Amino acid sequence: MKLDAPTLVTVTIFVMVVMGGLYLLSWSQARRTLALGFLGTAQIVGAAAVVLFGLRGHIPDWISIGFANAAMLLAFGLIWAGARSFEGRRVTGWQTGAGAALWLAACLVPPFYASLGARVILASAVAGLYCALAARTLWHHRGERLPSRTPAAILLASEGLMAWARIPATLVLPAPPVGTPTDPFWVAVLCFIALLYTVAVAVLFMAMAKERLEAEQRHAAETDPLTGIANRRALAGEARRILAAGPAALLLFDLDHFKRVNDTFGHAVGDAVLVGFCAAARQVLPAGAAFGRLGGEEFACLLPGAGPGEAGSIAETVRHAVAGMRPDLVPGLAVTVSVGVARSLGVAKSGGVAKSAGEPGSGDFEALLALADRALYEAKAQGRDRVVVAGPGLRQVA
């Protein structure tokens, strides 16, 4: 198949401008995602560089060589800036423009400017370095799981390797594959490669932005907006997963006389009490506990593998932590909590059919919640500010 260089140059410019416009349009609708702005600008600057490359022989060489390569290296710098911004890292102007500045400074040295091979080596080294840095930035992320992140990092790394591959080729081949008007084949090849990478990188970065937005929306849908812990829906989902894996204990918390707090001190103080309770509880709850707000002043915590004694002890620790809260700015305010504890014995299997392993608990969150609620009711009936464990006859933790 014959590659037509002028057509590919035109198509490459058109695609880069369109992709840049899509990036910038997406950024205008989500200004918080600054990475899209960097990447959109990179595409536009890269398209301008390709235009200048294409005008070689029709415009002065200091423009088609000097400024064209500087623009292209600036585009690669902006891609790295976009990757850093996407990962929440600081972006500086000198990092973004260092490659272009180095190129322009080198072009002021006559022996360098006169050497085709030297120009190819420097431009390829800087472009490959920017791609490698962008790939490394995406690869060493901060724990956020996005399906498109790994392919994007691999793609950028391969682009960097292809740029670096031009360096040994320049040193070995008698006619360096630089893409000048005298070698249209290499012009076509380089434009075709640039076209593929432009589209692929754009698609993957757009996909990552979409995946992050979906993850944030999912997190918002599963988080209580006041306290920042899991809401009832998210807690129920996590509880079912834990209960399906084995026995667990459920702690059901109810802040004592919370309506009186709202009526006496106002809803702002009531909200602060809820937030303070969550902070106090999270400090003493063990790792792996599923903690969430059921609604109002009711909270629940599932403890995987905990027995009645251990669960009761943890509940007592939380109760003491809450009782130790000192809202000094609100004289006369005391906060206590009542706790009901119930334990699931897990689900046993017989003949491939799941069966209840015993009382209490059949692995069902709502059933376990009802048992804990009975214990909580008993704690309130006994005077509040105490822990009661569900079981035959119910019992209060000493």
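Reminder that position 49 of the sequence shown reads as 121 in our numbering, one-by-one numbering, no gaps.
Where a beta carbon is used, it is the ideal one built from N, C-alpha and C, also for glycine.
The structure presented is a predicted model; accordingly, all values stated were derived computationally and were not measured.
Since residue i and residue j are thought to touch, with beta carbons under 8 Å apart, how far apart are those beta carbons, to the nearest angstrom?
| i | j | result |
| --- | --- | --- |
| A320 | A378 | 7 Å |
| F330 | V402 | With 8 Å as the limit, F330 and V402 do not qualify as a contact, their Cβ atoms being about 14 Å apart. |
| A121 | A143 | 4 Å |
What number of angstroms, rounded off, separates the C-alpha of residue i from the C-alpha of residue j?
| i | j | result |
| --- | --- | --- |
| R58 | A414 | With the chain represented from 73 up to 470, any question about residue 58 goes unanswered, as that position is not in the structure. |
| A235 | G200 | 5 Å |
| V459 | E370 | 15 Å |
| V90 | F277 | 15 Å |
| E388 | Q115 | 60 Å |
| I193 | W175 | 11 Å |
| A442 | G404 | 34 Å |
What residues in its chain sit with their C-beta under 6 Å from that of residue i, if we drop five residues either side in the sequence?
| i | result |
| --- | --- |
| T113 | L150 |
| A155 | A206, T209, L210 |
| S422 | Note on S422: pLDDT 38, under 50, position unreliable in the model; the coordinate value appears next. Closer than 6 Å at the Cβ level, and outside the excluded window around S422, lies no residue. |
| A281 | T105 |
| F437 | A308, A311, R312 |
| L243 | none |
Let's test the definition: count the other Cβ atoms within 10 Å of the Cβ of residue i and tell me whether it reaches 16, buried, or not, exposed.
| i | result |
| --- | --- |
| S187 | exposed |
| F86 | exposed |
| A147 | buried |
| G300 | exposed |
| P248 | Because P248 sits at a pLDDT of 49, beneath the cut-off of 50, its placement in the model cannot be relied upon, and the following sentence gives the value as read from the coordinates. Answer is buried; the Cβ neighbour count reaches 16. |
| R365 | buried |
| D133 | exposed |
| T164 | exposed |
| G430 | Confidence at G430 is low in this model, with a pLDDT of 39, below 50, so the placement of that residue should be treated as unreliable; the coordinate-derived value is given next. Its Cβ having fewer than 16 others within 10 Å, G430 is exposed. |
Looking only at its own chain, which residues have a Cβ that is under 7 Å from the Cβ of residue i, when we skip the five neighbours before and after it?
| i | result |
| --- | --- |
| E283 | L218, P219, S220 |
| W166 | none |
| I135 | L124 |
| L298 | D343, L346, V347 |
Which residues in the same chain as residue i place their Cβ atom closer than 8 Å to its Cβ, once the five residues preceding and following it in sequence are excluded?
| i | result |
| --- | --- |
| G342 | F330, V333, N334 |
| T270 | T84, V87, M88, M91, Q115, G118 |
| D457 | D328, R391, A395, T408, V409, S410 |
| A274 | M91, L94, Y95, L111, Q115 |
Can you tell me where the beta strand (DSSP E) holding residue i begins and where it ends?
| i | result |
| --- | --- |
| V460 | 459 to 461 |
| A321 | 320 to 327 |
| G551 | Absent from the model: residue 551. The displayed extent of the chain is 73 to 470, so no value can be given. |
Span of the alpha helix (DSSP H) holding residue i?
| i | result |
| --- | --- |
| D436 | Run containing D436: none; DSSP gives neither H nor E here. |
| L146 | 140 to 158 |
| G364 | Here G364 belongs to no alpha helix (DSSP H); instead the beta strand (DSSP E) covers 362 to 367. |
| G348 | 339 to 356 |
| S416 | Per DSSP, S416 belongs to no alpha helix (DSSP H); it is in the beta strand (DSSP E), 409 to 416. |
| Q115 | 106 to 126 |
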